[in-house]
Amino acid sequence: MKTESLIEIAKPGQRISREFYTRDVLEVAPDLLGKVLVVKNNDQSYYRYSLTEVEAYRGTEDKACHASKGKTLRTSIMFEEGGHLYIYLIYGMYWMLNIVTGPIGEPQAVLIRGIGDICGPGKLTKKLGINKLFYGEDLVTSERIWLEDTGIKPGYKTGPRVGIEYAGAHWKSVPWRYFC
DNA sequence: TCAGTGATTAGG
DNA sequence: CTAATCACTGAG
Numbered sequence: 217m218k219t220e221s222l223i224e225i226a227k228p229g230q231r232i233s234r235e236f237y238t239r240d241v242l243e244v245a246p247d248l249l250g251k252v253l254v255v256k257n258n259d260q261s262y263y264r265y266s267l268t269e270v271e272a273y274r275g276t277e278d279k280a281c282h283a284s285k286g287k288t289l290r291t292s293i294m295f296e297e298g299g300h301l302y303i304y305l306i307y308g309m310y311w312m313l314n315i316v317t318g319p320i321g322e323p324q325a326v327l328i329r330g331i332g333d334i335c336g337p338g339k340l341t342k343k344l345g346i347n348k349l350f351y352g353e354d355l356v357t358s359e360r361i362w363l364e365d366t367g368i369k370p371g372y373k374t375g376p377r378v379g380i381e382y383a384g385a386h387w388k389s390v391p392w393r394y395f396c
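Structural data, given as structure tokens:
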């Protein structure tokens, strides 16, 4: 399936349940492509966008993962059950939207880099109005943000993750970015 | 290429 | 308390 059609089609679907998120992040990340992100707007309408680009961050051994330095106040949600949101501010301006994956005790998350025709993790959160108030929100039960499965499974490519120069040669090169 | 902008974190 | 860092973006 082409990216073009993903941009146009954000059809209604069924809300994704817990079991989807509690799998390993390397299984969940590619499966997220084509899923529909639904966010409640201020005026009670809803934003609906297909996910087009994501990145996986996996455990304490992954030097690019914020949990690699252990549990802190900010990263504590990554140690919880998959399906929660990990939100943080970067460069004093941009909120990053991440979906926690895996079982309790295994810190993993997927950074959402692109939705619909919006490319860039900082731009999409600005558009959706995502901020620290969404920290810890549960996609399985939330009334204001969730994911739907429309049955669409787009083809995708992989590549190295972006913006992690500090992580060392190995972690900088693993192909854990997935995009349509 | 490079500045903007502020929460988070480790360290004294 | 201080100071460095940072999963980005847009302007030149």
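The numbers in the working numbering rise by one with no breaks, and the one at position 28 of the first sequence is 244.
Positions of the beta carbon are idealized from the N, C-alpha and C atoms, including for glycine.
7 Å Cβ cutoff met for residue i and residue j
i, j, result
"Ala245", "Tyr394", "yes"
"Leu253", "Ile331", "yes"
"Leu363", "Lys251", "yes"
"Thr276", "Ser266", "no"
"Ile206", "Leu313", "Because the chain is modelled from 217 through 396, residue 206 falls outside the range shown and cannot be assessed."
"Ile361", "Val255", "yes"
"His300", "Gly375", "no"
"Glu271", "Trp392", "yes"
Closest residue to residue i among the options (Cα-Cα distance)
i, options, result
"Cys396", "Arg231, Pro370 and Tyr273", "Pro370"
"Val390", "Tyr273, Lys285 and Gly298", "Tyr273"
"Tyr382", "His282, Val316 and Arg360", "His282"
"Leu344", "Ile232, Lys227 and Ser261", "Ser261"
"Ala226", "Met294, Tyr372, Thr268 and Leu242", "Thr268"
"Ile346", "Ile306, Trp387, Tyr307 and Trp311", "Trp311"
Residue i, DSSP secondary structure in three states
i, result
"Glu269", "strand"
"Tyr351", "coil"
"Tyr263", "strand"
"Gly330", "strand"
Pairwise C-alpha distance: residue j and residue i
i, j, result
"Phe236", "Gln230", "12 Å"
"Ile320", "Arg234", "12 Å"
"Val356", "Gly367", "18 Å"
"Glu296", "Arg239", "13 Å"
"Ile303", "Lys342", "13 Å"
"Asp365", "Arg377", "25 Å"
"Gln324", "Thr317", "5 Å"
"Thr288", "Met294", "10 Å"
"Ile232", "Asp247", "11 Å"
Classification of residue i by the beta-carbon crowding that lies within 10 angstroms, buried from 16 upward
i, result
"Lys385", "Here the sequence assigns Ala to residue 385, which means Lys is not the residue at that position. That one is exposed."
"Asn257", "exposed"
"Asp259", "exposed"
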